[in-house]
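*Asks:* The structure under discussion is supplied below as structure tokens; questions concerning it will follow.
2 protein chains.
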Amino acid sequence: MSNQLFETIQQLNLAPLLNRGVFGIEKEGQRIDGQGHLSALAHPDILGDRQFHPYIGTDFAETQTEIVSDQFDNTIEVEQQLSALEQVLQASLPDCDYLWPLSMPPVLPADETQIPLAHFTKDVQDYREYLAKRYGRRLQMVSGIHYNFSLDSTLLARLYGEYYHDQYAQLSDFSDALYLQLAQNYQQYRFVLTYLFGASPIAEAGFLKAGQSAPDHPVRSLRASQLFGYTNHTAKIDFESVSAYVTSMQTAIQAGQLISEREFYGSVRLRSHSLASLATNGIDYLEFRGFDLNPYAITGMTQKQLDFLHLFFTYLLALPKQAGTLGERLQQGQAVNEQIALENPNQPSSQQTILVQIMADLHQFILDYHFEPRFLAAWDVMNQQVLDYQLTTSYQLAQAIQDHSLTAFGLKQAQSMKQALLAKPYQLQGYTDMELSTQMLMFDAFQKGLHVAVLDRADQFVELTYQKHHELVKNGNMTSLDQLVSLPLVDNKVVTKILLANHGMRVPAGAEYTDVETAVADYQVAFGQRALVVKPKSSNMGAGITTFVTRPTEADFKQAFQLAQAYDSRVLVEEYIAGSEYRFLVMNQKVQAVLERVPANVVADGRLTIEQLVAKKNDNPLRGEEHLTPLQNIRLGEREQLILKQQGYQVTDIPARGSQIFLLQNSNISNGGDSVDVTDEVDPSYFAIAEQAAKVLNLNIAGIDIIMPNLYQAYNPEHPEMAVVLEANYNPAMLIHLFPMMGKRRRVTKKVLELLFPEM
Amino acid sequence: MSNQLFETIQQLNLAPLLNRGVFGIEKEGQRIDGQGHLSALAHPDILGDRQFHPYIGTDFAETQTEIVSDQFDNTIEVEQQLSALEQVLQASLPDCDYLWPLSMPPVLPADETQIPLAHFTKDVQDYREYLAKRYGRRLQMVSGIHYNFSLDSTLLARLYGEYYHDQYAQLSDFSDALYLQLAQNYQQYRFVLTYLFGASPIAEAGFLKAGQSAPDHPVRSLRASQLFGYTNHTAKIDFESVSAYVTSMQTAIQAGQLISEREFYGSVRLRSHSLASLATNGIDYLEFRGFDLNPYAITGMTQKQLDFLHLFFTYLLALPKQAGTLGERLQQGQAVNEQIALENPNQPSSQQTILVQIMADLHQFILDYHFEPRFLAAWDVMNQQVLDYQLTTSYQLAQAIQDHSLTAFGLKQAQSMKQALLAKPYQLQGYTDMELSTQMLMFDAFQKGLHVAVLDRADQFVELTYQKHHELVKNGNMTSLDQLVSLPLVDNKVVTKILLANHGMRVPAGAEYTDVETAVADYQVAFGQRALVVKPKSSNMGAGITTFVTRPTEADFKQAFQLAQAYDSRVLVEEYIAGSEYRFLVMNQKVQAVLERVPANVVADGRLTIEQLVAKKNDNPLRGEEHLTPLQNIRLGEREQLILKQQGYQVTDIPARGSQIFLLQNSNISNGGDSVDVTDEVDPSYFAIAEQAAKVLNLNIAGIDIIMPNLYQAYNPEHPEMAVVLEANYNPAMLIHLFPMMGKRRRVTKKVLELLFPEM
């Protein structure tokens, strides 16, 4: 199956570009309450100003949310962003609000004027009033998915440049021809999608206008039908050419059949940023509008549906020239579509033969053009639905109808979807491969209404935009708020200490050495009998560090020095500071959160073994492995067992009730340590120390590690040893404050956004 | 040899702390002209406001410069900073100005009122007038070195804390006792230093006052003598105790013998920041004032002299209690000193026996307390001078006297010192181990009058301070002027390109891959027949990069991809852009310099072989090895020979006259490439592109690499390929602009300082 276009694609070896394109999705949906009625609540305030929110707004009714994705060159990223937006929207709803998962609205108020129009500016409100009057409020409550598509620009450019430049005066003439062909064929063949995606078997009682009689059986898609759907009956829009399309649209508007092009409810629209631009610059993309919400998909459409549509649109371009005039073809397509839309999903389709034929054709098309495997997988799912009508969504929905209503089904589905989306609040759906703190920052950014672009996913590089204000964020809080030189500054522990000490702060005494002999001579002199730490200058994760609680022998010291030198030829010898370690998170010279970090431990209950206590503690859903959760599991490896042994324990022992058993010495949360928010506990006098340290180092966003013997006792400047500043971080972990093991959760990612966008 | 103090030091194992202390130097010197007369020119304007300059100012006369070092805990850093300051001072002098290297002034005007007082504020000027009147302008023209010294604070603290706290009420009482003992013993034994360091054998004609008759032979040190030196004859200052010192000073001031303590010209002063503070808080440090300039040392005193003084002061503390009253001891010391100062350096000293005895004693002291090797080396040099008077500076100077004058010697020495200091303008003396660009920035900072602190030498971390404004600089231009996030941004080539492209700039097309199969599929489609580069995402130095000038075979492409993956699992496949590469250095949104980079090459003269041409080109003193010079030598290694071979050459060939032979493909200056400043050549329309790139990336200080086919042709926005932005740098090399191979030198380090300190 091919035509001249696809022969050329084959010849030019361009088929791989068919896997790409430009994709964007808009998804509408109704908010309901716990009884399945329209929500009486306003659109959530926490989502900010819906007029400017780039992703989440309202459509016709106050209860009708609309999610709009960005454009991506593949559907996978579209689906990822939609998942995230869906999570953000649902997490922003009050407890008792849900999202109705079906295209046909839930049971509406008997008096349609009780359907609340969206709260909006005057001009938008006026348009809504106009629509309410013209179509009735009920019809406007129908929801669905719009799928925006354009072809890959390299594909178009190479086809035009290497073959079609003789046939078309300019590139846009060529692409207009392709898009027109696609739009025409789509109208002829959309019945395939109505069969596969149809998911509006009934209308709830009272939806239909007086005089309309509902079919006496469920259907595949009321919404996709001419009779009950959401269409313009008077305006006749001409798809013969772009100019015909524009002219017919203008005529319909002048005749008062449409108030503007946005009132054209056809199954596909030719799009540019305006009608005028369409006439002069040609088609930018096609907007396909025919799709029912899939109530089994959180985003209203599965990845396989998105892929299948992409494949199907491409296939429509590859069809040979169709017989008949355009009018005849569209009329025929419309008739078949109407038949499929209104047939009973509890039976095979009357169009089974042609559906099977088309699917077989599509299969060959996939093989001929070597589409990526995901397209074959999508085809396979759809093909099974063609072969077995009981696999269609419309059939399944028909089974779910109780008392001529889908209220029970819809409500249950809405509740379970919300529950699923809220189950892991430390994750952002669609981006779960990224660092958790970046996921949380993106969650907050989506919620606040910032534009979010992931510039480099593996590198945690995100661009946030509000109007014309762009900000880059790396790893959650490396931003424009801090200075370039702070990075090497804080990485250099010696320089950090010099600056802190120059400003009167207490830091561990010590010096830097490259030569073991000098270090030996010095440590004996400078530290006397005091405890020591020997560590490589530029190690972060605890590697190569030796702590001597009593003065080491020269041999032991040398060994420690050599160990450190395995990591960095420059070695620091510092006094060891005893006491609990606290992480102060400072932003904009104010402490945002204080966390106490306790090494991995269990507290015995006198009944369970250490092994069992660890397993029990690891049961906390916030604990997990490989940084996929905010807290990490306590392990029982060699290191932990050795430490237990030093305390006289084995993992099978049952320690005395109430005793706290430590499994590690270092307090890193990433090694299974406990995190306890003590922001409201710590004496406020210590805040000034952390804030001063951040200021001295010119850090806006800083993690300051301080050892304090007693967090409750007010700091006394005459005893600087009450707060010894260990080190600073320019990219402090936020997750530990967002989800501590104990104590209050501090949403510090929001503070980053506030600082980056003070104008919001 | 020991006393109770040193027995305690031995017992507490504190001897290593004797190698430290706190040290600072002040050095005066006269500016002269090319005839050896006092310079008629004012202090150089380029050194800024001398009232605020922390290092370089003027003393009594306009011609009398004064260099003041910071305080360091070792003399090595003092000497390093003094070398740097000396270079900065001398490089700031006009061509015809020099620094007279001797303590006794050059020939002075017959009419002493012709000696110009330093241009200063009214109150300072008044003080100078007073001194001129009281001592005569001539005497004030004598120059020398002041050596400020205090003991290591850990040494004092540990001695006091672990032993002396029973004997002294507080630490400062203990340290006062030590400093007093040192100051007393110094006055008793300074004759040793007068012998060793004496370097003022004569006064030039007309220097001595009417009535003074010069000795009829050269002497060791006129300046150190009571008779001809620079002393107060009436004020009697008491060194018995701190309070006696303060009281006697106050009495002398009240009696009009001194206008203030700063007029006290004794050989040592007890110092705190004020006389009042001295009385209440004790002695901070001792100021030793007795030292002649060493005319053979660029800094007026060699490292060995600095070390010897440190050793000698320590030794004075270790002396057993001296016999006799303090008065007797000082009188005796004064007498011996006078004798040595005024004896003929052409003969052995009358005090040879005692000098030998003291040196032997000092040797034992070094051994007893295990001083660092440099102290033994210093001792050795001084000991030889004691053993052989012909090795003393005073003897050598006596030999240099011509016609009762040292004018010829002094002028020659001044000129050769200046020449030596200016020979390598790309280096800063004392800091030649640091990166050249940091050396230049520090040069400019010293010259401008910023306080310069090297916080981490190996790490190129410098703190610059003007009044209370501190700025950190790493690697010459990583500063507070730039944003933290710019560092990972610019390190990420993909994100950099996304941002540049988003703002309409032309960048090499391409994509990032981790999977070779996808990359293979893509490159064949996306690049057609165009040239390609395959490179690891995060490599800087050219490693792992393969360029294909014609479309590669799949096998070759895969091999290149695997090579790149050896450096980074993420690989970029980009179009190859042909053309010359230019580095635009942008600061504060303005292009400061543009450099054309040409791969290592020679131009044949038709006579020399390639080998000889390379050797000749490498003769340029700016070329060298290991980044110790601004340009690097062209090598003739395997790589270069291979490239020659590909062009059909051997190193022994004599190519046709005028032909340019390239020895490498990449244009890195560090691989022997040529650098040509084209700032004034390149069409200014390209500036906007570099400036926009810097702005898009939010870089204040940026190196933007642009490929332009023709630098003379104005940029046409309709042909964006006229300027393809390759990449950006947040820490751009400045040296290549400071010292290009050809074209104008651009002092861009000064611009960094201007931007950091706009208030200056």
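Top line first, the protein sequences correspond to chains A and B.
In terms of full-length UniProt numbering, the first sequence is residues 1 to 760.
In terms of full-length UniProt numbering, the second sequence is residues 1 to 760.
For glycine and all other residues, C-beta sits at the position ideal for the given N, C-alpha and C.
As the structure is a computational prediction, the values presented were derived from the model and not from experiment.
#1: Please report the distance separating the alpha-carbon of MET1 of chain B from that of LEU317 of chain B.
#2: Please confirm whether MET741 of chain A has its beta-carbon closer than 7 Å to some beta-carbon of chain B.
#3: If I'm right that ASP444 of chain B touches LYS750 of chain B with Cβ under 8 Å, what's the distance once you round it to whole angstroms?
#4: Strictly under 7 Å for the Cβ-Cβ distance: is LYS474 of chain A near chain B by that measure?
#5: Is the Cβ-Cβ distance between GLY476 of chain A and LEU441 of chain A less than 7 Å?
#6: Can you tell me whether GLY34 of chain A is buried or exposed? The criterion is at least 16 other CB atoms within 10 Å of its CB, across all chains shown.
#7: Apply the 10 Å Cβ neighbour rule to MET742 of chain B and answer buried if 16 or more other Cβ atoms are within range, or exposed otherwise.
#8: State the DSSP-derived secondary structure class of ALA210 of chain B, mapped to helix, strand or coil.
#9: As an exercise, report each continuous beta strand (DSSP E) stretch of at least 3 residues that is fully enclosed by the region 238-318 of chain A, in chain order.
#10: I believe TYR686 of chain A touches TYR712 of chain A by the beta-carbon criterion, under 8 Å. Please report the beta-carbon distance rounded to the nearest angstrom.
#11: Is there a Cβ of chain B sitting closer than 7 Å to that of ASP152 of chain A, yes or no?
#12: Which of helix, strand or coil does DSSP assign to ASN74 of chain A?
#13: Roughly how far, in whole angstroms, is the beta-carbon of ILE25 of chain A from the beta-carbon of PRO106 of chain A, given that I think they are within contact range, below 8 Å?
#14: Can you give me, in chain order, the residues of the region 484-496 of chain B that have a beta carbon less than 7 Å from any beta carbon in chain A?
#15: Along the chain, where does the alpha helix (DSSP H) that runs through ALA693 of chain A open and close?
#16: Check whether the region 81-89 of chain B and the region 288-299 of chain B touch, using three or more Cβ-Cβ pairs below 8 Å as the test.
#17: Is there a Cβ of chain A sitting closer than 7 Å to that of MET478 of chain B, yes or no?
#18: Counting C-beta neighbours from all protein chains within 10 Å, is the total for VAL603 of chain B 16 or more, i.e. buried, or is it exposed?
#19: Do the region 335-349 of chain A and the region 184-191 of chain A touch if we need at least three Cβ pairs shorter than 8 Å?
#20: If the cut-off is 7 Å on Cβ atoms, which residues from the region 498-509 of chain B count as contacting chain A, listed in chain order?
#21: Verify whether the separation of the beta carbon atoms of PRO101 of chain B and ALA414 of chain B is less than 7 Å.
#22: Step through the CB atoms of chain A and report whether any lies within less than 7 Å of the CB of ASP482 of chain B.
#23: Are the C-beta atoms of PRO54 of chain B and some chain A residue less than 7 Å apart?
#24: Considering only heavy atoms of the ligand NAP, does any lie closer than 6 Å to the CB of VAL462 of chain A?
#25: Taking 8 Å as the cut-off, does the region 572-586 of chain A touch the region 697-710 of chain A (at least 3 CB pairs, one atom from each stretch)?
#26: Roughly how many angstroms lie between the CA atoms of ARG158 of chain A and LEU151 of chain A, to the nearest whole one?
#27: Under 7 Å between C-beta atoms, does PRO732 of chain A make it to chain B?
#28: Mind checking TYR130 of chain B: buried by the 16 CB within 10 Å criterion, or exposed?
#29: By alpha-carbon positions, which one of A:ILE115, A:ILE661, A:ALA335, A:LEU227 ends up nearest to LYS645 of chain A?
#30: Quick check on THR546 of chain B: does DSSP put it in helix, strand or coil?
#31: Does DSSP put residue 839 of chain A in a helix, a strand or coil?
#32: Quick one, are the C-beta atoms of SER675 of chain A and LEU595 of chain A less than 7 Å apart?
#33: Here's a check: name, in chain order, each residue in its chain whose Cβ is nearer than 8 Å to the Cβ of LYS321 of chain B, leaving out the five neighbours to either side.
#34: So, are the CB atoms of LEU572 of chain B and GLU512 of chain B less than 7 Å apart?
#35: Let me know if LEU487 of chain B comes out buried or exposed under the rule of 16 or more other beta-carbons within 10 Å of its beta-carbon.
#36: Quick check: what's the CA-CA separation for GLN385 of chain A versus TYR186 of chain A?
*Replies:* Here's the rundown:
#1: The predicted model places MET1 of chain B with a pLDDT of 47, which falls under 50 and marks its position as unreliable, so this point remains unresolved.
#2: no
#3: 5 Å
#4: yes
#5: yes
#6: exposed
#7: In the assembly as shown, MET742 of chain B is an exposed residue. Its beta-carbon has fewer than 16 other beta-carbons within 10 Å.
#8: The three-state reading of DSSP puts ALA210 of chain B in coil, since its state is none of H, G, I, E or B.
#9: 268-271, 285-291
#10: That pair is no contact at about 10 Å.
#11: no
#12: coil
#13: That belief does not hold up - the Cβ atoms of ILE25 of chain A and PRO106 of chain A are roughly 22 Å apart, past 8 Å.
#14: LEU484, VAL485, SER486, LEU487, PRO488, LEU489, ASN492, VAL494, VAL495
#15: First-last of the alpha helix (DSSP H) with ALA693 of chain A: 687-696.
#16: yes
#17: Judged by the 7 Å Cβ criterion, MET478 of chain B is in contact with chain A.
#18: exposed
#19: yes
#20: ILE498
#21: yes
#22: yes
#23: Under the 7 Å criterion on CB atoms, PRO54 of chain B is classed as non-interfacial with respect to chain A.
#24: Summarising the ligand content, the structure contains no ligands, and the ligand NAP is consequently not present.
#25: With the cut-off at 8 Å, the region 697-710 of chain A and the region 572-586 of chain A touch.
#26: Roughly 12 Å between the two C-alpha positions.
#27: Answer no: the Cβ-Cβ gap between PRO732 of chain A and chain B never drops below 7 Å.
#28: exposed
#29: Residue A:ILE661 is the option with its Cα nearest to LYS645 of chain A.
#30: strand
#31: Lying outside 1 to 760, the shown extent of chain A, residue 839 of chain A is not represented and no answer is given.
#32: yes
#33: ASN3
#34: yes
#35: buried
#36: 20 Å
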